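Written out below as structure tokens is the structure these notes cover.
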Amino acid sequence: MSQDIPLSNAMLCWNNGFHGAPPSVAVVRWPDKIGASDAYQSSVGACFTDFRSKDERAQRLQIMIDAWHVAAFYDVPVAMVHEAMLVVPEYRDMLADDCLPRQFAHERA
């Protein structure tokens, strides 16, 4: 898929849903040379040296923890976080078969 963003370059960006504000979330390619992350208050993932220094297994764990934190503690609906994360092939790879959207089923064939 042409819009895929590898985990090692994935920056999870969001605006919280506090005080009735509309939440928003996206995965942006790092380094962000086009300012795609400028519209967001917060970010995690490849924008941090610590994340980039981890091996793939540790990056997978960290991005799942970070995605959970965004949904659980920043009032961003989990469905929005999940939808945004689908551009990361490694995220899709971690999903159970029955949780993977149909358009990605060919990746399991």
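Read in order, the letters of the sequence shown are residues 554 to 662 in the numbering used here.
Cβ coordinates follow ideal geometry from the N, Cα and C atoms, glycine included.
Note that this is a predicted model, so its numbers are computed, not measured.
| Asked | Found |
| --- | --- |
| Inter-residue spacing [alpha-carbon to alpha-carbon] between M554 and Q612 | Reliability fails at M554, whose pLDDT of 47 lies under 50, so the model's placement of it is uncertain and no value is given. |
| DSSP three-state assignment for G588, whether helix, strand or coil | coil |
| Whole-number beta carbon distance between V629 and P576, since they are thought to touch under 8 Å | 4 Å |
| CB contact flag (G598, M564, <8 Å) | yes |
| Neighbourhood of Q556 by C-beta, 8 Å cutoff - its chain only, sequence neighbours within 5 removed | V640 |
| Nonlocal neighbours in the same chain, by C-beta distance under 8 Å from L653, ignoring five residues either side | R645, E660, R661 |
| Secondary structure of C566, DSSP reduced to three states | strand |
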